[in-house]
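Visitor:
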Amino acid sequence: MKPSKKDFIAEAEEIIEELGSLVLELQEEFSPETLNSVFRSVHTMKGLSGLFGIKEVTDLSHSLESLLDDLRLGKIEITGEIIDFILSNIDILKNLIDQVAEDHDIDDVSNDVREIEKFRGVAGAKEKESSLSTTGISESILKVLSEYEEHRLKANLGDGHGIYLLKTVFSLSDFAPQLEELIKRLKDTGELIATLPTSQGVPDGSIGFNLLLGASYPLENIKSRTLLSDVEQLISPKLSQAVTPESKTSKAKETSLKSAATTVRVNIDKLDGILNTINELMLLRSALVRISQELTESYGYAPLAVDLYKISQSIDVKLRHLQHSVLDLRMVPFSHIFKKLAQVVRRYTREAGKEINLNIFGEDTEIDKQIAEEIIDPLVHLVRNSIDHGIESKNERTALGKDPQGNLTLKAFSRGNSVVIEIQDDGAGIDPDKVLQKAVEKKIISKEQVLDRNEIINLIFAPGLSTKDGVSEISGRGVGMDIVKEKITSLGGFVGIETEKGAGSKFILTLPITLAIVKALITEVSKRRFAVPLTSIEETFIFTKESVQTIEGREVIELRNEMLPLLRTSEAFDLEEDVRDEYYGVVVGVGQKRVGLVMDELIEQTEIVIKPLGEHLKNIPCISGAAETGKYEIVFVMDIDAMMDEAFSKRKNNGSKGKKDV
Amino acid sequence: MNATGITETTQYLTFRLGDEVFALDISKVREVLDFTSITKVPRTPEFMRGVINLRGNVVPVVDMRLKFGMTKTENTVNTCIIIVEIYLDGETTILGALSDSVQEVIDLEPGQIEPAPKIGTRLRTEFIKGMGKRDGQFIIILDIDKVFSADELSIVKDTGEQASA
Chain A
48 MKPSKKDFIA EAEEIIEELG SLVLELQEEF SPETLNSVFR SVHTMKGLSG LFGIKEVTDL
108 SHSLESLLDD LRLGKIEITG EIIDFILSNI DILKNLIDQV AEDHDIDDVS NDVREIEKFR
168 GVAGAKEKES SLSTTGISES ILKVLSEYEE HRLKANLGDG HGIYLLKTVF SLSDFAPQLE
228 ELIKRLKDTG ELIATLPTSQ GVPDGSIGFN LLLGASYPLE NIKSRTLLSD VEQLISPKLS
288 QAVTPESKTS KAKETSLKSA ATTVRVNIDK LDGILNTINE LMLLRSALVR ISQELTESYG
348 YAPLAVDLYK ISQSIDVKLR HLQHSVLDLR MVPFSHIFKK LAQVVRRYTR EAGKEINLNI
408 FGEDTEIDKQ IAEEIIDPLV HLVRNSIDHG IESKNERTAL GKDPQGNLTL KAFSRGNSVV
468 IEIQDDGAGI DPDKVLQKAV EKKIISKEQV LDRNEIINLI FAPGLSTKDG VSEISGRGVG
528 MDIVKEKITS LGGFVGIETE KGAGSKFILT LPITLAIVKA LITEVSKRRF AVPLTSIEET
588 FIFTKESVQT IEGREVIELR NEMLPLLRTS EAFDLEEDVR DEYYGVVVGV GQKRVGLVMD
648 ELIEQTEIVI KPLGEHLKNI PCISGAAETG KYEIVFVMDI DAMMDEAFSK RKNNGSKGKK
708 DV
Chain B
200 MNATGITETT QYLTFRLGDE VFALDISKVR EVLDFTSITK VPRTPEFMRG VINLRGNVVP
260 VVDMRLKFGM TKTENTVNTC IIIVEIYLDG ETTILGALSD SVQEVIDLEP GQIEPAPKIG
320 TRLRTEFIKG MGKRDGQFII ILDIDKVFSA DELSIVKDTG EQASA
């Protein structure tokens, strides 16, 4: 069984289960909310099966949905037969899903669909008989009823209920609780169709309510049940007519109650809890190693010390295995995300009246469920932008000598500890001149500022630039790119752009595979330790202090014939610089936006669990959290994106230095 | 009823900062730890001494001496970290408070507690729930939620007010 199918079955069965209980609820007691829930569930089923291309389920769900819609809008009245009919169709749906699960051929549903249509026809025809004007209910009441109330009135008439008008008078001072109590009491008797306030024949200081009640009890019972004397019978109740359209129950096959899915859905918090425990166990293991080492140092290679060491090693292996299994549980393939995106592409392509050829690569690439949930919105955003503003219309493309059909490529692949997602179009690309012009107009940058091409293009992520009116002018990327960037960075990722005016754009999203455990490089600056997530690191190098040059007040270094701006980590954290001859550079960044963080030492590469600093310390600049390493020592995790911003913003050195003495 | 709003006999944990004795409602105290190494968080004011690892949780530690305008807490054998539960923006968070030494747990009846004096302490009046008296010595009962409120712990260094206070 392919994983995608497993997922479909797990979800479909959940819906069927929910549907079953909802319809039963409906059978016991009708409520419009329940009916709406049933409608939504069937709708979800239709969407789900459509996504997985299981046509039979889609078709049947579609018809069922239409039927439910008729019920919802009151075109058809709810009767026991209809409930049975819906239940039998849910059974058919369940059968279909079982067939999918067992890889059997799927039954043809065209007959069932026809049945539903027929039923809709029969039931719909009945509706004409119950026009309200002929019921004998006074025109003065009928004309104040809302459409919904009218529908409920019809529904009650259809069920053969009696319609009663209860006249009540309450004192103005406390009518609200009294009325509420009465309404509660009425629930056991019948359905309250409408509550109509009235002032006719009511003494001063009082308020009257005419309550329209649908109930199956005769007048005397109504009076005794409601404890009201002023009850007018508008329509007397009758026994419900036994209209029996072709019963379907006989046709429905025996449905096995055993569920076919072998998957379990687990709340991600539970997995996090397990990971946390594993992490603590790992720290305990480090303690064991330390004890065995100390034993060896004090007593030589005593057999017990060696045994202890060996055991701690095997515990380590098992723990890592366990950790990876739990991490693996959190992984979902990209196919989920891509399928949703494909739908979006289809929809927007149609709306935009363009022709777009969608290419998808790397559906099997896996990513943490939590991240998958978080990135879907930014991805939809980027895809929409490509369709709306990137890819030109058919005519424009032909005029430009391009293939009239636009190309949109979605690609996901893993690289080391990260997942890279690329969204590429062959549309108009981004015009740096227009971006610059807009940015100056919006006062995001001043006219005097000199920016290189990259810096200009990255301005599209600046908040404020991407306003709606800006969209059409900046040939493309517009609405909320800052939000896209913010979301990706909050997940510990990066957004990069490669674009060529006229040739198209490529957005490159680099994300960690999981948020639970991060591989990081532990570094030391001014005797303090900091962790840098490996996903952010491109390379590391050693340099001497003589090789640092200064350009326009910024420290840079030449690395393979390219100028790399440097950021003194000690300065970013207001630490006293530890002056030395040799430093380590850690190159972080994405695409052409890179910076070298200056470190004193590189300690080790290790796996860390990032913990939040808590309410009190949540807004510390350039720190995204803390992690503990082996010896119960806390290291802070660098917020690389904030560090980059720090590096690229013109930081007034004097200003921050002065505060240190406070 | 009295001016302090304290109406029941409550247990308090007393501790010393310099020569002065302070007290905390015992229900706010989760545990008391020996002094351990505290990791300083960059770009935070001086009274924010750093964070410790408390069974897998990152817990900030505040130097109460600095917070109350005394000199920095020295590390001695008696130095303790009192782990308190703070009610902050509708949520309970944990925080460590450095003290020179932890004394004892005492019972104080409402009658033994007087309202905070308007003058004569270096503490802001709103930090003080009341003044208890025991064996001839005054005990300053702290309103720990106020002392460690978000505003008071504002970690933006630029405001510098608390650090230099």
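Note that the protein sequences, when read in sequence, are chains A and B.
Its first residue numbered 48, the first sequence is counted upward by one per residue in this note's numbering.
Its first residue numbered 200, the second sequence is counted upward by one per residue in this note's numbering.
Glycine included, each C-beta is placed from N, C-alpha and C at the ideal position.
Being a predicted model, the structure only gives us computed values, none of them experimental.
#1: Using only the alpha-carbon positions, how far apart do Ser182(B) and Ile251(B) sit?
#2: For Asn712(A), is the classification buried or exposed, using 16 other Cβ atoms within 10 angstroms of its Cβ as the cut-off for buried?
#3: Would you give the residue range spanned by the beta strand (DSSP E) that Asp224(B) belongs to?
#4: Does the Cβ-Cβ distance between Asp299(B) and Leu216(B) come in under 9 angstroms?
#5: How long is the line joining the alpha carbons of Leu355(A) and His368(A), rounded to whole angstroms?
#6: With 9 angstroms set as the bound, which would you pick, yes or no: does the beta-carbon of His151(A) sit closer than that to a beta-carbon of chain B?
#7: By the DSSP assignment, the beta strand (DSSP E) with Pro371(B) in it spans what residues?
#8: What residue from Met269(B), Lys239(B), Glu273(B) has the CA that sits closest to Val258(B)'s CA?
#9: Can you tell me whether DSSP reads Ser765(A) as helix, strand or coil?
#10: Mapping DSSP to helix, strand and coil, what is Val373(A)?
#11: Mapping DSSP to helix, strand and coil, what is Tyr346(A)?
#12: Let me know the secondary structure DSSP gives Gln452(A) once reduced to three states.
#13: Going by DSSP, what residue range makes up the beta strand (DSSP E) through Tyr211(B)?
#14: Give the straight-line distance between the Cα atoms of Leu366(A) and Pro659(A), rounded to the nearest whole angstrom.
#15: Measure the C-alpha to C-alpha separation of Leu330(A) and Asn323(A) and round it to an integer number of angstroms.
#16: Please report the straight-line C-alpha distance between Lys494(A) and Val487(A), rounded to a whole angstrom.
#17: Assuming Ile403(A) and Val392(A) form a contact by the criterion Cβ under 8 angstroms, report the distance between their Cβ atoms to the nearest whole angstrom.
#18: Starting from Tyr630(A), follow its DSSP beta bridges and name the residues at the other end.
#19: Along the chain, where does the beta strand (DSSP E) containing Pro559(A) start, and where does it finish?
#20: Got a sec, what are the start and stop residues for the beta strand (DSSP E) Lys566(A) sits in?
#21: What number of angstroms, rounded off, separates the C-alpha of Phe541(A) from the C-alpha of Leu95(A)?
#22: Should the region 557-567 of chain A be regarded as contacting the region 660-670 of chain A, the criterion being three or more beta carbon pairs within less than 8 angstroms?
#23: Rounding to the nearest angstrom, what Cα-Cα distance links Ala674(A) and Asn608(A) in this structure?
#24: Cβ of Ile741(A) within 9 angstroms of Cβ of Leu140(A)?
#25: Report the rounded CA-to-CA distance for Arg254(B) versus Asp288(B), giving the unit in angstroms.
#26: Nearest by alpha-carbon distance to Glu80(A): which of Glu112(A), His383(A), Leu69(A) is it?
#27: Is the beta carbon of Thr582(A) closer than 9 angstroms to that of Leu649(A)?
#28: List the endpoints of the continuous beta strand (DSSP E) containing Ile598(A).
#29: Would you kindly report the start and end of the unbroken alpha helix (DSSP H) that includes Val531(A)?
#30: I'd like to know if Glu290(B) contacts chain E, where contact means its C-beta is closer than 9 angstroms to some C-beta of that chain.
#31: Would you say the region 500-508 of chain A touches the region 426-446 of chain A, given that touching needs at least three Cβ pairs under 8 angstroms?
#32: What in chain B is Cβ-close to Lys658(A), meaning under 8 angstroms?
#33: Below 9 angstroms between beta carbons: does that hold for Arg377(A) and Gln417(A)?
#34: In angstroms, rounded to a whole number, what distance separates the CA positions of Asn257(A) and Gly121(A)?
#35: Check this for me: beta carbons of Phe166(A) and Phe132(A), under 9 angstroms apart or not?
#36: If the cut-off is 9 angstroms on Cβ atoms, which residues from the region 270-290 of chain B count as contacting chain A, listed in chain order?
Guide: According to the structure shown:
#1: Because chain B is modelled from 200 through 364, residue 182(B) falls outside the range shown and cannot be assessed.
#2: For residue 712(A) there is no data in the structure shown, the boundaries of chain A being 48 and 709.
#3: 219-224
#4: yes
#5: 20 angstroms
#6: no
#7: Any question about residue 371(B) goes unanswered here, given that chain B covers just 200 to 364.
#8: Lys239(B)
#9: The question about residue 765(A) has no answer here: the residues shown for chain A are numbered 48 through 709.
#10: helix
#11: helix
#12: coil
#13: 209-216
#14: 24 angstroms
#15: 11 angstroms
#16: 6 angstroms
#17: 7 angstroms
#18: Phe590(A)
#19: 551-559
#20: 565-572
#21: 31 angstroms
#22: no
#23: 36 angstroms
#24: Since the displayed chain A opens at 48 and closes at 709, residue 741(A) lies outside it and no answer follows.
#25: 24 angstroms
#26: Leu69(A)
#27: no
#28: 596-598
#29: 528-537
#30: Reference to chain E is not applicable here, since the protein chains of this structure are A and B.
#31: no
#32: Gly255, Asn256, Val257
#33: yes
#34: 24 angstroms
#35: yes
#36: Ile285, Leu287, Asp288, Glu290
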